[in-house]
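Here the protein sequences come in this chain order: A and B.
Using my numbering, the first residue of the first sequence is number -18, and each one after it goes up by one.
Using my numbering, the first residue of the second sequence is number -18, and each one after it goes up by one.
Ideal placement from N, C-alpha and C gives every residue a C-beta, glycine not left out.
Beneath this line is the structure, given in structure tokens, with notes to follow.
There are 2 protein chains.
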Amino acid sequence: MPEPQRVVIVGVGLLGGSLGLALRRRTRARVIGLSHRPATVRRARRRGVFHEGFTDSARALPGADVVVFCTPVETIVPLARRFAARLKPGALVMDVGSVKGPIVEGMKSVFHGGGTALFIGAHPMAGSEKSGVENAAADLFVGATCALTPAADTPPAALRRAADFWRSVGAHPVVVSPSVHDRAVALVSHLPHLIADALALTAGRWGQNPSERKALRSLAAGSFRDATRVAGADPDLWRGIFDSNAAPLGRAARDFQRTLGGLVARRWPRPELRAAQRFHDEFLRG
Amino acid sequence: MPEPQRVVIVGVGLLGGSLGLALRRRTRARVIGLSHRPATVRRARRRGVFHEGFTDSARALPGADVVVFCTPVETIVPLARRFAARLKPGALVMDVGSVKGPIVEGMKSVFHGGGTALFIGAHPMAGSEKSGVENAAADLFVGATCALTPAADTPPAALRRAADFWRSVGAHPVVVSPSVHDRAVALVSHLPHLIADALALTAGRWGQNPSERKALRSLAAGSFRDATRVAGADPDLWRGIFDSNAAPLGRAARDFQRTLGGLVARRWPRPELRAAQRFHDEFLRG
Chain A
-18 MPEPQRVVIV GVGLLGGSLG LALRRRTRAR VIGLSHRPAT VRRARRRGVF
32 HEGFTDSARA LPGADVVVFC TPVETIVPLA RRFAARLKPG ALVMDVGSVK
82 GPIVEGMKSV FHGGGTALFI GAHPMAGSEK SGVENAAADL FVGATCALTP
132 AADTPPAALR RAADFWRSVG AHPVVVSPSV HDRAVALVSH LPHLIADALA
182 LTAGRWGQNP SERKALRSLA AGSFRDATRV AGADPDLWRG IFDSNAAPLG
232 RAARDFQRTL GGLVARRWPR PELRAAQRFH DEFLRG
Chain B
-18 MPEPQRVVIV GVGLLGGSLG LALRRRTRAR VIGLSHRPAT VRRARRRGVF
32 HEGFTDSARA LPGADVVVFC TPVETIVPLA RRFAARLKPG ALVMDVGSVK
82 GPIVEGMKSV FHGGGTALFI GAHPMAGSEK SGVENAAADL FVGATCALTP
132 AADTPPAALR RAADFWRSVG AHPVVVSPSV HDRAVALVSH LPHLIADALA
182 LTAGRWGQNP SERKALRSLA AGSFRDATRV AGADPDLWRG IFDSNAAPLG
232 RAARDFQRTL GGLVARRWPR PELRAAQRFH DEFLRG
């Protein structure tokens, strides 16, 4: 029986906390939590997400077999640069950031092959508009797709280890290039967030008049609640994601705006509404 | 004990069928179903949504205490015009259309006070992206808001009867003017439908390349599924709704597009994302 893996989770909020809970429940891994905030480590300890928790990376990192960055996207490469010297050759380094191109690119100058740790970008499609370790759940990754975005020189064995790691917490790994990933999430994740924000802001403005406000509130149907649900997400977390994926997101927003503008200007043509319905019925399941 | 009310439901699809099931389960009303299509009457009969079903309005309408139009919005006023002469003075006529201004306006020339039936517009905020009597449910209206849009000359007693009717199937009546109603639903119901259509169409175009298609499909997260759910709704039904509410919907779409464009152009400013989050947290529940 091989030794239990030593897994260091950097950042123990919703995703990091859930990963710790999942590893503890489903694997033999020794789980180490690391956060620079003492209060975060205390809250995560109370939730039982790790075996040992630290604020000091010098104590958390030695001997790590796997390191997973679960911190905001813009912090991942800078933190990895600080931590790299403490990682043993062959350690597997991953992140859970919502954007992959800039992170994979940035990591090239941190980990360059032979004699260093190995980096593979990961993006488990799990989470919610909630945040914080209080909302962590051991089954957050069960059934979720986890995108893995290896670089051209990633060794196949490392990719297999990464896939096995995510399978061990219940996720389905899918290999995709960083750029295809970033374009796809711009459209299917980041743009829906901006749309929810824009719809919420518009309704907030319309609702400044009390009678309109009362009508909006009492008539808000399921479609509106669905469309604005993710406006409840943490603005600072999401600004970091939008910034990291600004070009694909801008393109997705422009394409969407042109399509919506066309639907309105041409009075919702039947063939287009039918095509949207077909997409709904076929694309997502087919 | 008063005589059971005779309620004629015109159009026995999702809403009309659910109304019949609810009345039969929760009240003593005698439920009459009417549709011009024999096949629809047969399917509704199999679902047990009425006591008697007809394709012939001359047999369905005599003696009606309440008539509820559950047909597509653009058909409601023309049908009422055909049926008006068969209705007894004091009969209560309602509809369940998603747009109220044009219907309330059109009905003024059909029912003009003393000696005729009384019309009150209603809009129960229930339904789904599904349609047809097969999806009807006796509890569809339970807990739902039902907008009632009386005209200036609607007798208070008639408004009370309408409110009692909707309470009897579990809905919460809310009185609102037709124009305020139509502006509100343009923003909180009709625009989210158009947004879902536009997002689905954009994704459909991006997904024409197989590798992008695979990535879109495997990375489509909850926010995307939520945002496109209503794209599955019946295009013809919704085109009628959009057409009937074209001016408020156009204004809502323009305001939304300007807001979204501003978010992208100014790189998602922190104060606006915070305002959207506040709206999400406070407006809908406060």
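### Message
Counting C-beta neighbours from all protein chains within 10 Å, is the total for Arg248 (chain B) 16 or more, i.e. buried, or is it exposed?
### Response
Residue 248 (chain B) sits at position 267 when you count from the first residue of the second sequence. Answer is exposed; the Cβ neighbour count stays below 16.
### Exposed unless 16 or more other CB atoms sit within 10 angstroms - verdict on Ala93 (chain B)
To locate residue 93 (chain B), count along the second sequence from 1; it is residue 112. The sequence given here has His at residue 93 (chain B), not Ala. With fewer than 16 other Cβ atoms within 10 Å, it is exposed.
### Task
Closer than 9 angstroms by beta-carbon distance: list the chain A residues that pair up with Arg247 (chain B), in chain order.
Mapped onto the second sequence, residue 247 (chain B) falls at position 266. Those do not exist, as Arg247 (chain B) stays about 11 angstroms from chain A at its closest Cβ, beyond 9 angstroms.
### Message
Using C-beta distances below 7 angstroms, list every residue in its chain close to Leu4 (chain B), excluding the 5 sequence neighbours before and after it, in chain order.
### Response
Numbered from 1 along the second sequence, position 23 holds the residue referred to as residue 4 (chain B). The answer, listed in chain order, is Val(-12), Ala10, Val12 and Val150.
### Task
Look up Val211 (chain B) in the DSSP assignment and say whether it is helix, strand or coil.
In the second sequence, residue 211 (chain B) corresponds to position 230, counting from 1. The answer is helix: DSSP assigns Val211 (chain B) an H, G or I state.
### Message
Am I right that Val77 (chain A) and His104 (chain A) are in contact with their C-beta atoms under 8 angstroms? What's the rounded C-beta distance?
### Response
Locating residue 77 (chain A) in the first sequence gives position 96, counting from the first residue. Locating residue 104 (chain A) in the first sequence gives position 123, counting from the first residue. Val77 (chain A) to His104 (chain A), Cβ: 6 angstroms. Contact.
### Message
Between which two residues does the alpha helix (DSSP H) holding Arg164 (chain A) run?
### Response
Here residue 164 (chain A) refers to the residue found at position 183 of the first sequence. Run containing Arg164 (chain A): Pro159 to Val166, per the alpha helix (DSSP H) assignment.
### Task
Check whether the Cβ of Lys111 (chain A) lies closer than 9 angstroms to any Cβ atom in chain B.
Translated into the one-based positions of the first sequence, residue 111 (chain A) becomes position 130. Not closer than 9 angstroms to any Cβ of chain B, the Cβ of Lys111 (chain A) fails to qualify, so no.
### Message
Among B:Ala144, B:Ala256 and B:Thr21, whose alpha-carbon lies nearest the alpha-carbon of Asp215 (chain A)?
### Response
Translated into the one-based positions of the first sequence, residue 215 (chain A) becomes position 234. Checking every option, the nearest Cα to that of Asp215 (chain A) belongs to B:Ala256.
### Task
Counting only the same chain and skipping the five closest in sequence on each side, list residues whose C-beta sits under 6 angstroms from that of Pro6 (chain A).
Numbered from 1 along the first sequence, position 25 holds the residue referred to as residue 6 (chain A). One detail in the question is off: residue 6 (chain A) reads as Arg in this sequence, not Pro. Same-chain partners within the cutoff: Ala119.
### Query
Can you tell which of A:Lys81, A:Phe122 and A:Glu110 has the C-alpha that lies nearest to the C-alpha of Ala268 (chain A)?
One cannot answer for residue 268 (chain A) here, as it falls past the ends of chain A, which runs -18 to 267.
### Task
With a cut-off of 8 angstroms on the beta carbons, I'd call Ser199 (chain B) and Val155 (chain A) a contact; round off their distance for me.
By one-based count along the second sequence, residue 199 (chain B) stands at place 218. By one-based count along the first sequence, residue 155 (chain A) stands at place 174. Confirmed, Cβ separation roughly 5 angstroms.
### Cβ pair count under 8 angstroms reaching 3, the region 51 to 70 of chain A against the region 23 to 31 of chain A
no
### Query
Going straight from the alpha carbon of Asp145 (chain B) to that of Ala201 (chain B), what length do you get?
Residue mapping note: residue 145 (chain B) aligns to position 164 of the second sequence, counting from 1. Residue mapping note: residue 201 (chain B) aligns to position 220 of the second sequence, counting from 1. Straight across, the Cα-Cα distance linking Asp145 (chain B) with Ala201 (chain B) is about 44 angstroms.
### Query
List, in order along the chain, the chain B residues whose C-beta lies closer than 8 angstroms to that of Arg210 (chain A)?
As a first step, residue 210 (chain A) must be located in the first sequence, where it is residue number 229. Taking a Cβ-Cβ threshold of 8 angstroms, the residues of chain B close to Arg210 (chain A) are Ser204, Asp207 and His261, in chain order.
#### Entry: Within chain A, the residues that Ser199 (chain B) reaches when beta carbons sit closer than 9 angstroms
The count along the second sequence starts at 1 and reaches residue 199 (chain B) at position 218. Under the 9 angstroms cutoff, chain A gives Met106, Thr126, Ala128, His153, Val155, Val157 and Ala165.
### Buried or exposed (CB count within 10 angstroms, at least 16 for buried), Gln189 (chain B)
For the purposes of this step, residue 189 (chain B) is taken as residue 208 along the second sequence, with counting starting at 1. Exposed is the call here.
### Task
Would you identify the three-state DSSP class for Arg247 (chain B), choosing helix, strand or coil?
Reading the second sequence from its first residue, position 266 is the one you call residue 247 (chain B). Reduced to three states, the DSSP call for Arg247 (chain B) is coil.
### Query
What first and last residue would you give for the beta strand (DSSP E) that runs through Leu200 (chain B)?
One-based indexing of the second sequence puts residue 200 (chain B) at position 219. Premise fails: Leu200 (chain B) lies in the alpha helix (DSSP H), Pro191 to Leu200, not in any beta strand (DSSP E).
### Task
Name, please, each residue of chain A whose Cβ falls closer than 7 angstroms to the Cβ of Gln189 (chain B).
In the second sequence, residue 189 (chain B) corresponds to position 208, counting from 1. Result: empty, since nearest Cβ-Cβ is about 11 angstroms, beyond 7 angstroms.
### Contact check, Thr183 (chain B) vs Leu218 (chain A), beta carbons under 9 angstroms
Residue numbering aside, residue 183 (chain B) sits at position 202 when the second sequence is read from its first letter. Residue numbering aside, residue 218 (chain A) sits at position 237 when the first sequence is read from its first letter. No. Outside cutoff.
### Task
Compute the Euclidean distance between the alpha carbons of Pro19 (chain B) and Gly34 (chain B), then round it to the nearest angstrom.
By one-based count along the second sequence, residue 19 (chain B) stands at place 38. By one-based count along the second sequence, residue 34 (chain B) stands at place 53. Roughly 9 angstroms between the two C-alpha positions.
### Query
Any residues in the region 32 to 66 of chain B with a beta carbon nearer than 8 angstroms to a beta carbon of chain A? Which ones, in chain order?
Listed by position, the residues of the region 32 to 66 of chain B near chain A (Cβ gap below 8 angstroms) amount to none.
#### Entry: Coarse secondary structure for Met75 (chain B), derived from DSSP in three states
As a working mapping, residue 75 (chain B) is identified with position 94 in the second sequence. Note: Met75 (chain B) maps to strand in three-state DSSP.
### Contact under 9 angstroms by Cβ, Ile176 (chain B) with Leu175 (chain A)
In the second sequence, counting from the first residue as 1, residue 176 (chain B) sits at position 195. In the first sequence, counting from the first residue as 1, residue 175 (chain A) sits at position 194. No. Outside cutoff.
### Task
Put Phe50 (chain B) into one of helix, strand or coil per three-state DSSP.
Taking the second sequence and counting its residues from 1, the one referred to as residue 50 (chain B) is at position 69. If DSSP states are grouped into helix, strand and coil, Phe50 (chain B) belongs with the strands.
### Message
I'd like the span of the alpha helix (DSSP H) that includes Val12 (chain B), first residue to last.
### Response
The sequence position of residue 12 (chain B) within the second sequence is 31, counting from 1. Premise fails: Val12 (chain B) lies in the beta strand (DSSP E), Arg11 to Leu15, not in any alpha helix (DSSP H).
### Ser192 (chain B) at chain A interface by Cβ criterion, 9 angstroms
For the purposes of this step, residue 192 (chain B) is taken as residue 211 along the second sequence, with counting starting at 1. So, interface residue.
### Task
Taking Ile176 (chain B) as the query, report the chain A residues whose CB atoms sit under 8 angstroms from its CB, ordered along the chain.
Counting from 1 along the second sequence, the entry for residue 176 (chain B) is found at position 195. From the beta-carbon of Ile176 (chain B), the residues of chain A found nearer than 8 angstroms are Ile176, Leu180, Ala208 and Leu241.
### Message
Between Ala125 (chain A) and Ala152 (chain A), how many whole angstroms is the CB-CB distance? I'm expecting something under 8 angstroms.
### Response
On the first sequence, residue 125 (chain A) is found 144 positions in, with the first residue counted as 1. On the first sequence, residue 152 (chain A) is found 171 positions in, with the first residue counted as 1. Ala125 (chain A) to Ala152 (chain A), Cβ: 5 angstroms. Contact.
### Residue closest to Asp262 (chain B), alpha-carbon to alpha-carbon, out of A:Phe122, A:Arg206, A:Ala234 and A:Ala139
Along the second sequence, one-based indexing puts residue 262 (chain B) at 281. Here the closest residue by C-alpha is A:Arg206.
### Secondary structure, beta strand (DSSP E): runs of 3+ residues fully inside the region 19 to 71 of chain A
33 to 35 and 47 to 50
### Query
For Thr130 (chain B), which beta-bridge partners are listed by DSSP?
Along the second sequence, one-based indexing puts residue 130 (chain B) at 149. Answer is B:Gly102, bridged to Thr130 (chain B).
### Bounding residues of the alpha helix (DSSP H) (the contiguous stretch that carries Val123 (chain B))
In the second sequence, residue 123 (chain B) corresponds to position 142, counting from 1. Element bounds for Val123 (chain B): n/a, residue is neither H nor E.
### Task
Answer with yes or no whether the minimum CB distance from Pro216 (chain A) to chain B is below 9 angstroms.
For the purposes of this step, residue 216 (chain A) is identified with residue 235 of the first sequence, where counting begins at 1. So yes, Pro216 (chain A) belongs to the interface.
### Message
By alpha-carbon positions, which one of A:Lys69, A:Thr8, A:Asp46 and A:Leu0 ends up nearest to Gly96 (chain A)?
### Response
Residue 96 (chain A) sits at position 115 when you count from the first residue of the first sequence. The residue with the shortest Cα to Cα distance from Gly96 (chain A) is A:Lys69.
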